Amino acid sequence: MTLYQKSLDNLLVVTQSSSSPGTGWSAVSNLQTAINNARSSAKPLQLLPGVYLTSQILVDTASGGGNRLELFAEQGTVTVRLSAAAPYLLNVNNVPDVVVRGINFDGSNQTINGSGIAGLIRFDGSSTTDFIFSECNVSNSMATGVVAVNNARGRIADNRISNCGIGIFAIDSQVFIENNGLSTLNDNGICVWTSTVGGNGSVVSGNTVNWVDNASGGTGQYGNGILVYRAGNVKISENNVFNTKFSAIRLNAANNGHVVNNYCWNMREVAIFIEAPGAGENLSGGIISGNNIDTAGLGISVANSGLYGDGIADRCVVSNNNIINITNNAIPYPDGSTSLTTGRGITVETNTIVTNNVISLTAGAAIGLGVNDAAKDIMATGNLINNCPMGIAYSTNNSASSILVSSNIVRGYRDISNVSDPNYPISGAIVSYSFDGSSFQRDKNGGSPNTDYGNATQTSSGPLTVGMNRANP
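Using my numbering, the first residue of the sequence shown is number 17, and each one after it goes up by one.
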């Protein structure tokens, strides 16, 4: 099959045929040449229906007169397929205002051997501004489906991405990632990263992410629906995330992130994980609100307090979330060991408010306030807890301080007074607990149960101030 192009008044059209389609059509050597011709003539390029086999395509300032590219097809009628191993299928390098829409890009599982964050489709460079990649299908990439790197800025929207290592990866780039459908991904769904901790301002909204594996292993680096690392001021809203090996949404050292109004179902580990992973990689100012979480190993975790080489996650608000069906799940690690999730609904450590959440059917505590000495300035108010064996558990470690529990309703908890009962460690309405290195367990008072403050009048005990709660087993 030979490629032919035809120049119209305001459009360049390309098709492929065994012979000339007729008057005005001229043969062109390959798709790269056709794209260069369209750019040089400052015309949009339309691909007519068919499957176009091609090697790598580069859009840069040294070709096509340095002009922008508009490449499009009638949606679902054109496939551009990579014919051999290459650094990429399409790379836009420092060319502004590029528009690509309506095309199926098939990596045909060829090796993608580009440097850095390798991807089938790449938008690269600080002059790659205002790009739009929309209404396309991207599939069968041994690396990432769509990549934006090196301060590229644009929009990735209304696409379908499947059978890739990672679906979409934006690093050191501000991207609006909206209304995409991603499925069957080896390592992660959508990643927004920056090289250092700082502001970014990307938006991840309205996407559906389904079936994310962690083929590359790790302890949480892979297996996530949406992963934000170091990038601050990122808004994650109205996404549907299903069937992930680790988290639906994971923020590491990502300041001022908004995680709002997402639906998360069937996560093996923590559904929404807000974490300061290491010294110097803190997280501050997160808002986690209005999310619906069903079936996970832990609902929402705001983790780390600057102890043991960790960073500090603080100034967070966890509010108005609906959490149900949280279980103890075994997580296998690369060294052959396994870790069991705690089955808690919400767990926080430092300078965080937990308010107005609805939590039901957890295997562990509905709400955990602090972890031993990592417990400072925490509030749990106005939460509704149903049919959880343990309602609100808090740390009474000597280093714990300023924990307020007020105006909560706890119904259907385990009311156990015999410390020898095997269910005692996970019981009580509002009780203290400790982490023994492998599990969280309700504290004891010698051979007797510790005090349950579920129906206590306003009082203070150690770090705890409690009152105005209602508890019914």
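Don't be surprised by glycine CBs; every beta carbon is placed ideally from N, CA and C. Remember, it's a predicted structure, so these values are computed and weren't measured experimentally.
Item: Nearest-angstrom Cα separation, counted from MET395 out to VAL421; Value: 6 Å
Item: Reference PRO60, options ASP452, THR473, ASP351 and ASP25, closest by Cα; Value: ASP25
Item: Proximity of GLY322 and ASN344 at Cβ, strictly below 8 Å; Value: no
Item: Nearest-angstrom Cβ-Cβ length linking GLY80 and ILE51, presumed shorter than 8 Å; Value: 7 Å
Item: Residue environment, ASN488, which counts as buried when at least 16 other CB atoms sit within 10 Å; Value: exposed
Item: Residue range of the unbroken beta strand (DSSP E) whose run includes THR18; Value: 18–23
Item: The segment 365–384 contacting the segment 338–354, beta-carbon criterion three pairs below 8 Å; Value: yes
Item: Inter-stretch contact (C-beta, 8 Å, three-pair minimum) for the segment 247–256 and the segment 227–235; Value: no
Item: Candidates GLY217, VAL213, ALA264 and SER218: closest to TYR238 by CA position; Value: ALA264
Item: Reduced DSSP category for THR235 - H, G, I as helix; E, B as strand; rest coil; Value: coil
Item: Sequence-distant residues of the same chain with beta carbon closer than 6 Å to PRO438, five excluded per side; Value: none
Item: Supposed close pair LEU105, ILE148 - CB separation, criterion 8 Å; Value: LEU105 to ILE148, Cβ: 18 Å. No contact.
Item: ALA292 versus GLY215: straight-line alpha-carbon distance, rounded; Value: 16 Å
Item: Any 3 or more C-beta pairs closer than 8 Å across the segment 410–420 and the segment 468–486; Value: yes
Item: Beta-carbon proximity list for LEU47, same chain, < 8 Å, skipping 5 on both sides; Value: LEU19, VAL30, TYR68, THR70, ILE73 and VAL96
Item: Bridge-paired residues (DSSP) for CYS332; Value: THR368
Item: Residue interval of the beta strand (DSSP E) (run including ARG171); Value: 169–173
Item: Residue of ILE184, ALA269, GLY352 and PHE185 minimising C-alpha distance to THR212; Value: ALA269
Item: Range covered by the beta strand (DSSP E) that runs through ILE242; Value: 240–248
Item: C-beta neighbour in chain B for LEU400, strict 8 Å; Value: As a matter of chain content, chain B is missing from the structure shown, which is built from one protein chain.
Item: Nearest residue (CA-CA) to SER36, options LEU28, LEU27, LYS22 and THR49; Value: LYS22
Item: ALA50 in three-state terms, based on DSSP; Value: helix
Item: Nearest to LEU400 (by Cα), restricted to the options GLU365, ARG427 and LYS392; Value: ARG427
Item: Residue of SER464, GLY361, ALA168 and LEU85 minimising C-alpha distance to PRO405; Value: GLY361
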